[in-house]
Structure formats: C-alpha cells, structure tokens
DNA sequence: GCTACCGTGCCAAACGATTGGCAGACTGTC
DNA sequence: GACAGTCTGCCAATCGTTTGGCACGGTAGC
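Residue numbers (my numbering), protein chains in the order written: chain A, 283 to 628; chain B, 283 to 628.
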C-alpha cells in the first residue's frame, strides 16, 4: 500500500481511506483515482492485517454435519451469497456430527476471529460447542434448534401435520412412520407433528408403527424393512425426509408393494430427483434459500448487538403420484418455482 | 498473549514459541506448562496476526461450480480433512460457473492471502481466473483440467472405455450417448473414451446418437427424450453421469422402454441412490476421497516450491441390474467399500 | 480585514503474534 | 578454578492496515 501511496503521491492513510470509499475524509475524485490505480496495479489490501487492526474479520463460520447432504449444501450456498451481499465471507466446516471435529471447527473459527457462527449441526444433547459458547462469539442455530438460543428453523410440526392431513384426507388409516435420528430436533418434530395431527383426527399411531433410523436412503430402507418384517402392512407411509422415503420405497418393493399403487408415500424436503423417480414422490417443500437469508440477517443483528427474535419458516405440501395416482399425467416441468434441490453431479 | 505471559512469568516471545511447540528454544516442561495454562485460560492465538507476520495463512481456497453437487461436496470434504491433517484450513466458494462470481471468489481468496487455491470449476474456455494467475499464487486444477497446469483428474477416457467395453461385451450394438456440457473436460473425455472404444471394436456411433446437455437429471431427461423423438431406439445407453442416467431412465420409461429389461443403461460416479433405484444403476466408480488427498498433496508441493507431476486416477466399473439383469438377486449391502456418495438429507 | 469554519490530507500509534540477535546461567572438562 | 560449550529466555523490530488527532489552506460571514 505504501508503494501505491508513493505512486499516487499521497499518504498511505489517504490511500487506505480512499480504498474504503471514505467520502467524509477523501474527495470523490481522489477516491476514484486511487481505486483505479489500485485496480491497474493489481493491488489487493491484506484482509488479515485489516482484521487485526479493526477487530472485525467480516467472516462468518458455519458448522454442518455433512456437506454432502444437498439440504445443507444448499443452505450454505444461500448463507454464503447472503453474507457476500453484506460484505461478509462465509466459511463452512463439515463436522460429521463428531464432537472432536466440532471442537476443532470451533477452534479454527475462533482463532480466525470470525464475527459470528452458524451452528447447523446441533443435536438435542449437543447444542453449540462449549468452546464457542465460552468465547462469547455471537452465533445462531440454523435448521435444527437446540436450547433456547436464537435460531432459524422450519416449522416441522406443521410440516408433519401437512403430511398427515394429506394422507388422512385421502382415506388412509393404517399409517407407518419412517423416522430419523432420535436426537435431532427436525426429525423428532416432523414425526411428532404427524402423530399429533393423526391423533386429533382420531387415528392413533402405535409405537410399533414407527421406527427411528439414520437420515439416509439406507436408514429408510432398513426402517421400512423392519416394519414390514414385524408384520406392518400400512396403506400409507410418512418418511421424515426424501432419501428415507426412497429407501422405504425400495423396501416396500422388495415385499411386493408398489408405491403409488399399493402404498401411499410422502417424504420431506423436495429434493430434485423426487420428481424424476419412476413414481414421483410427494413431499413437503422447504425454502432453504430463504432460510439462508434469514440466518444471515439474524446473525448480523446479533453481531450488531441486538437481541433478535428467532424465525420459523412455513413448509408447503407438494403432492405427486407416490401418494396420489390421479396426479399421474402432470407434466414434469410444471412448476419448479425455485432452483431445484441438488439434481446435478459432475 | 501478553496477559498469558504475565500469568506464566515469562516473556511473550517465550510463550509464543511454547505454544508453537518450538522444542529447540523452549524446554519441554515449559512448553507443557504454557500450553496447559493457555487451555485453562481459554486463550486462542489470533491467526490473522500470525498470518500477517509469518507471510503464511495456512489457508487453502477451493472454487467449485456448485456445492449442491454431491461429487463436489465430497471432494471438498476430502480436501478439507486432508488439509487439516497438514495444519491447513480449507475454504470453499461456489461460483455457479459464473465469471463474475469466480472473480470475486479469487479476489476474496487473494485478499485473505490464502497459500494456495484449488480450481475445480474450470471449463475448456475458462481455466483459472486471470486474477489468480496474475497473482502468482500457487494453484492446482482438480477434477476438471484446463490448459497444462498441474492437475488431479480421473482418467475419464478410461472410464468411458470401461463402460463401452462392458456394453459391447454384452452384445449391444445400437448405442446412444447422453453427454454433458460441451465445454467441460470430464464430460467430453468420458464421451470420447466411450466412442473411441466402440470404434476400436468396429461399432461406429453416429453423431445423431449422441446429445450434449446439462449435468443434471433434467439434462439427461431432455437429451434422451430428444434422441427418442429423433427416432433412436438404442439397446444400450451410456450417460456421462448418474443423474443424467436417472433422467434418461425416466425418458425411456415415458417411451415405454424399461431400463434393465428393454434397454441397458450405465452412468458415472456411483452416487449412493444408484444402488437403491428400482433398477439399480450400473456405473463407473471414482474415488473422490483419494482425489481430495492427492489434490492437497499436489498443492502443498507447489506451495513448497516444487514442480510436481499431475495425477490421473483410475476409475472402476460397477455392474448392476440396469445393464445386466442377471445381477438381480445381489444383496443390497454387498460391497460398499467406501463411504457412500451423498445418500443423506436432513 | 478578521474570525470561524470546513474540507483535505499527513503523522504516528495501534492491532497481536513472530523471530533474529543477544545475554545470562548452567554443565562439564582439563 | 577457568573456560568452552550449551541451553534457556528476553528485547525489540516487524508484518500491513486503520484511524484519531492535527495542521494547513481556502472560503464565507460580518
């Protein structure tokens, strides 16, 4: 920067202000001239030095359990672009739900002096890493909640309810639930919302008609297999996410039950392939882009010293053939209001 | 740190060395004592200050076109863990293949003074962002190659060849190819490898039997639809990635052709759902974890001033029902040597 | 014509860690 | 007991920006 100052015939301090666009202390033409010169010389101010001096890094850290998960990847992308709009850089770490990795992630973030952290890998037992809490760095919980910390989540009770009301309305009374991990708030609330809505309609779901399992195709496959082997013969199944639903469909198929024909099936999240499966999958759609924006807004409020309210987003039911055969003829590209959720691979 | 030094009755310089574990200048017991004290006091050295003074940030930046893509997400995870093992932090940005976003990504990385960059979003026209090249920061190309820069890629010619030989061996002669984007090296090479191998076996693939399209379910769906509508009736189809294959399967189905029974189908990448589809999908497996490790090794070599050789990884054929009905009875969990590629959602 | 004020830009002290140079203490040897 | 050699730890300069304080020149008001 000193070199740039010499070139411009100015003091470094003036150059610094000019680069930041400080119109109160530097004239507009000077600002223009300096910025042009900097671009021409390929000069990029050292953000680390700036962080040091300003005690603000303009970096936000995000912890997710698994970046390979389209929902989380999408959420991070949304967070990242929202952060950029506010002049922040977003950085992500995949913790694989491992306490040790969460610790090192927190460690990394804190030693880089991030201005705020987004915790998207909370479980009911482990909300935010101790280190993070102790540091006093502002943070918000995203997607999953944990404790009574500021958070941005989906109203998963409502999501479960939507699925239930849809299936009940179609006349189904023999229902099974393919659940997620026991200690994750989202999974639990989707299940609870479903069961509660059924209860209100006078349909009790026996605990033998529900299974907990991992958040993946295989988890859904195994859970459904167990239910079937235990003698369950549901007319409709609610899986707490789409991959679970895909796994469940496979298990049903192996038992001679065809989804859409013999059994109604509903998932959660509206991932892109859902629409392309041989029997397109009904689901509950969540707007993860909106969530990302809300998360950043909430976090930056917190960083600014405010004490903002938590946010709860409303999900939306999407009915396709897997739970309603009459939908059959619907054209594939009917309505894709949002960017589809993860339909690509290299 | 000054405070910590006072607490320990030492000079800050000694504390600094102790925290870094400099055994040449600080005695083992002192190191131990200082580190324990730091932990107890919750002290984390400021990485920005350290970056400033040592002209090394121990951060690596990675640019990908889309984090929502399981392959890229997985690759980043692998890079990240490999980087951590070497004391580096990996940071990722999704550029959506947009030149402007690539530029700001490069800008961010450079102003943060990353020690090296991984470019995984190259196209044949746009290799690395100009800004990056001009800065002289070491970088490697990953997954895709561009120009003759150091890179870590899969031998996609070989991958295409594996698929071709498999289908030819099964007696197929009417072949179609569902291709990817024209300007992406991986897509082009998979296609070329396939076509070349067919040529060597005396089976010519007419250009009317090939389509280029986007790297997604929808891309595959559209390409296959176009081929069918143009009168193609292949007995086997090679799609350059698994999602393309899934989309193609859907299009075939709409034309009354069932994959596995009427048409053989092969994809690429071995994503997790492949195994769970109603007709499990044959594919070409790539070890992205290994790739991540190789990328980091190559980049760190470059950072150290060496001029390392590029790396090419060998893919592996995985045959399932979609191209070989006899595989039918195979148990689902037979062989999953690696962590499955992206089967989870929240 | 004098004062008050404003716009502009320079000086220098931070931010927090790292590291070469050097001084002091200690050990062992002759 | 002196001296060389080794080990340990302190001093102070440095990385590149930012920013409060201050000085200077010009302008407007009375």
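All residues carry an ideal CB built from backbone N, CA and C; glycine is no exception.
Hey, could you find the ends of the beta strand (DSSP E) residue 362 (chain A) is sitting in?
Counting along the chain, residue 362 (chain A) falls outside any beta strand (DSSP E), though it belongs to the alpha helix (DSSP H) covering 352-367.
Quick check on this structure: which residue in B:323, B:359, B:336 and B:546 has the alpha carbon closest to the alpha carbon of residue 290 (chain B)?
Checking every option, the nearest Cα to that of residue 290 (chain B) belongs to B:323.
When you check each C-beta in the region 486-501 of chain B against every C-beta of chain A, which residues fall closer than 7 angstroms?
If the cut-off is 7 angstroms between Cβ atoms, the region 486-501 of chain B has 497, 498, 499 and 500 near chain A.
Which chain A residues are close to residue 327 (chain B), counting only those with a beta carbon under 8 angstroms from its beta carbon?
Going along chain A in sequence order, the residues near residue 327 (chain B) (Cβ under 8 angstroms) are 393.
Per the contact definition of three or more C-beta pairs closer than 8 angstroms, is the region 462-472 of chain A in contact with the region 426-440 of chain A?
Yes: the two stretches touch, three or more of their Cβ pairs being nearer than 8 angstroms.
Check each residue of the region 337-369 of chain B: if its Cβ is closer than 8 angstroms to any Cβ of chain A, include it; give the result in chain order.
Flagged, chain order: 339, 348, 349, 350, 351, 352, 353, 354, 355, 356, 358, 359, 362 and 366.
Kindly say whether residue 609 (chain B), judged by its beta-carbon, lies nearer than 9 angstroms to any beta-carbon of chain A.
Not closer than 9 angstroms to any Cβ of chain A, the Cβ of residue 609 (chain B) fails to qualify, so no.
Could you name the residues of the same chain whose beta carbon sits closer than 6 angstroms to that of residue 428 (chain B), not counting the 5 residues immediately before and after it, in chain order?
Counting only Cβ-Cβ distances below 6 angstroms, and skipping sequence neighbours, we find 404 and 409.
For my contact list, residue 549 (chain A) and residue 527 (chain A) are in at a C-beta cut-off of 8 angstroms; report their separation, rounded to the angstrom.
Contact holds; Cβ gap of about 3 angstroms.
Considering only their Cβ atoms, is the gap separating residue 542 (chain A) from residue 605 (chain A) smaller than 9 angstroms?
Closer than 9 angstroms, so yes.
Output the distance between the C-alpha atoms of residue 359 (chain A) and residue 482 (chain B), rounded to the nearest integer angstrom.
Their Cα atoms are separated by approximately 44 angstroms.
Inspect the CB distances between the region 363-370 of chain A and the region 347-358 of chain B and report whether three or more fall short of 8 angstroms.
No, the region 363-370 of chain A does not touch the region 347-358 of chain B.
Considering only their Cβ atoms, is the gap separating residue 558 (chain B) from residue 532 (chain A) smaller than 9 angstroms?
Closer than 9 angstroms, so yes.
Measuring straight from C-alpha to C-alpha, what distance separates residue 499 (chain B) and residue 393 (chain B)?
Distance between the alpha carbons of residue 499 (chain B) and residue 393 (chain B): 37 angstroms.
Tell me the DSSP secondary structure of residue 506 (chain A) in three-state form.
Helix.
Are there three or more Cβ pairs, one per stretch, closer than 8 angstroms when the region 378-395 of chain A is compared with the region 407-427 of chain A?
Contact holds: three or more Cβ-Cβ distances are below 8 angstroms.
Would you call the CB atoms of residue 400 (chain B) and residue 361 (chain B) closer than 9 angstroms?
Contact: yes.
Per DSSP, residue 458 (chain A) forms a beta bridge with which residues?
Per DSSP, A:519.
Given residue 598 (chain B), which residues of its chain have a CB within under 6 angstroms of its CB, disregarding the five upstream and five downstream residues?
Correct list, in chain order: 567.
Going along the chain, which residues of the region 524-556 of chain A sit with their C-beta nearer than 7 angstroms to a C-beta in chain B?
The residues in question are 524, 525, 528, 529, 532, 535, 551, 553, 554 and 555.
Near residue 288 (chain B), which residues of its chain fall below 8 angstroms by C-beta distance, leaving aside the five closest residues on each side in sequence?
Excluding residues within five positions, none has a Cβ falling inside 8 angstroms.
Show which residues of chain B have a CB atom less than 7 angstroms away from the CB atom of residue 373 (chain A).
In chain order: 373.
According to DSSP, residue 398 (chain A) sits in a beta bridge with which residue or residues?
Paired residue(s): A:342.
Relative to the C-alpha of residue 623 (chain B), which candidate in B:609, B:576, B:561 and B:553 has its C-alpha closest?
Comparing Cα positions, the closest option is B:553.
Buried or exposed, going by whether 16 or more other CB atoms sit within 10 Å of the CB of residue 443 (chain B)?
It is buried - the Cβ of residue 443 (chain B) has at least 16 other Cβ atoms within 10 Å.
Does the beta carbon of residue 330 (chain A) come closer than 9 angstroms to any beta carbon on chain B?
With 9 angstroms as the cut-off, residue 330 (chain A) counts as an interface residue toward chain B.
Hey, residue 530 (chain A) and residue 480 (chain A): beta-carbon distance below 9 angstroms or not?
Against a cut-off of 9 angstroms, the Cβ pair of residue 480 (chain A) and residue 530 (chain A) comes out as no contact.
Could you compute how far the alpha carbon of residue 555 (chain A) sits from the alpha carbon of residue 535 (chain B)?
Cα-Cα distance, rounded: 15 angstroms.
Would you say residue 408 (chain B) reaches chain A, if we count a Cβ-Cβ gap shorter than 9 angstroms as a contact?
So no, residue 408 (chain B) is outside the interface.
When you check each C-beta in the region 311-326 of chain A against every C-beta of chain B, which residues fall closer than 8 angstroms?
If the cut-off is 8 angstroms between Cβ atoms, the region 311-326 of chain A has 324 and 326 near chain B.
Are residue 330 (chain B) and residue 386 (chain A) touching if we call contact CB-CB under 9 angstroms?
No, the pair does not count as a contact, with Cβ atoms beyond the cut-off.
Residue 627 (chain B) touches chain A at which residues, Cβ-Cβ below 7 angstroms?
Within 7 angstroms Cβ-Cβ: 351, 352, 353, 497, 523, 524, 525, 551 and 553.
Give the secondary structure of residue 433 (chain B) by DSSP, where H, G and I count as helix, E and B as strand, and everything else as coil.
Reduced to three states, the DSSP call for residue 433 (chain B) is strand.
State yes or no: is the beta carbon of residue 560 (chain B) nearer than 9 angstroms to at least one beta carbon in chain A?
Yes - at least one Cβ of chain A is within 9 angstroms of the one on residue 560 (chain B).
Between which residues of its own chain and residue 627 (chain B) is the CB-CB distance below 7 angstroms, once the five residues before and five after are set aside?
Once the five neighbours on either side are set aside, residue 627 (chain B) has no close Cβ partner at all.
From the DSSP output, read off the bridge partner residues of residue 567 (chain A).
Note: residue 567 (chain A) sits in a beta bridge opposite A:551 and A:598.
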